[in-house]
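Residue numbers (mature numbering (1 follows the signal peptide of the UniProt record, and there is no 0)): -20 to -1, 1 to 300. We put the beta carbon where it would ideally sit given N, CA and C, even for glycine. Note that the structure is a prediction, hence the values are computed from the model and not measured. What follows is a set of notes on a single structure, which appears directly below.
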Amino acid sequence: MLFSSQTFLGLAVLSSLVVSMSILDGNTISDTSITNVLKTEFGAITAEYSWKWPRIQSTQGVFDFNASDSVLNWAVANGKLIRGHTLVWHQNIPQWVDAVTDKPTLTSIIQTHINVVVGRYRGKVYAWDVVNEVFEEDGNFRNSVFYRVLQEDFIDIAFRAARAADPAAKLYIGEYNLDYAGPKIDALLALVSRLQARGVPIDGIGSQSHLTLGNTAAVPAQLQRLALTNLDIAVTELDIRIPKSVDATKLAAQQTAYASVTRACLSIPKCVGITVWGVSDRYSWVDTTLPAFDSPLAWDDDYRKKAAYNGIEYALDNEL
């Protein structure tokens, strides 16, 4: 039996799980249909874009916090936790960063960026995605400027800088396609082991979980593998996209899949949070990036709850 009067927020409080969602920054902060859902259903938010490097420091030494401050101010005013996303990521980095070729310069650039950004929000952000998506699918490091110049050391540098800037924040490494056995999750686990051996201050692993309907069965086992690191585990960018065309049968299967992923996290003591990567299908990245898929979220284009919502709610309610 579902309890329509309950919300993700209320159920999550009972289960000690942080259930949050991402926002498309200005688009959704100004959309009352979205903010009404945020206020009642979720305990935390993550900004999809406005906290990333090119939005904050597109020109070296010039920091623009207008957009990121607006997200933080909304979260504080509405009693929501906020997750900082993300500090070091290979995509969309400014050209002046990508052009660096020597270790001391890039080390200083990373440390300065993190010190300024994390320091600005010290005590206000409960967790940071410090380093994001460092591996290719074959388990090799991405050929980013960070790896080309600093090799694996860039990860140590970033985490140590983040800890110094805000000792209380939880520090995560994030990656996608950790939902299946294979070289990527193997590489991530090996990296975490090396970081721990070096005393790098890493607190958690964020498994993004951008999933495809019909390909979610391995999620529980892979979350268990991540938890064996003894770090906190979080599902940080959850959506479950449906191959077109969408019909009632697929939506029902999506409900089951959302319930399964939610239960998987709840069953692992070290799994501390789930972030759904958006509220409404209207704003999902899937529409523009993966046109063969649709309908990945728990509310439809018109902000109506879908069966997927019931799947999450049922899992939260029945695992308490």
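query, result
"Proximity below 8 Å, CB of Val32 to CB of Thr8", "Note on residue identity: the sequence assigns Lys, not Val, to residue 32. Taking 8 Å as the Cβ cut-off, Lys32 and Thr8 do not qualify as a contacting pair."
"Straight-line gap, Arg128 to Phe134 (C-alpha atoms, nearest Å)", "10 Å"
"Cutoff 7 Å; reference Asp78; Cβ partners in own chain excluding five residues on either side", "Val125"
"Beta-carbon spacing of Ala198, Asp159 below 8 Å", "yes"
"Cβ distance (whole Å) where His190 is taken to contact Asp219 below 8 Å", "6 Å"
"Burial state of Gln40, where buried means 16 or more other Cβ atoms lie within 10 Å", "exposed"
"Between the CA atoms of Val172 and Arg178 - distance to the nearest angstrom", "10 Å"
"Among Ala237, Gly184, Asp82, Arg35, the one whose alpha carbon lies nearest that of Ile73", "Arg35"
"For Asp297, the three-state DSSP class (helix, strand or coil)", "helix"
"Strand pairing of Asn112, partner residues [DSSP]", "Trp69, Gly154"
"Those residues which DSSP pairs with Ala214 across a bridge", "Gly186, Gly253"
"Per-residue burial, Leu208 [other beta carbons within 10 Å of its own, 16 or more giving buried]", "exposed"
"Cβ pair Ile248, Leu211 closer than 8 Å", "no"
"Local Cβ density within 10 Å of Lys224, reported as buried at 16 or more and exposed below that", "exposed"
"C-alpha distance - Asn195 paired with Lys230, whole-angstrom precision", "13 Å"
"Among Phe115, Asp109, Gly162, nearest to Phe139 - alpha-carbon criterion", "Asp109"
"Inter-residue spacing [alpha-carbon to alpha-carbon] between Ser275 and Ile25", "21 Å"
"C-alpha gap between Ser50 and Ala233, whole angstroms", "37 Å"
"Closest Cα partner of Gly162 within the set Ala201, Tyr29, Ile3", "Ala201"
"Inter-residue CB distance, Ile90 and Ile14 (contact presumed, cutoff 8 Å)", "That belief does not hold up - the Cβ atoms of Ile90 and Ile14 are roughly 33 Å apart, past 8 Å."
"Pair within 8 Å by beta-carbon distance, Thr216 and Thr255", "yes"
"Backbone secondary structure at Asp274 - three-state DSSP", "strand"
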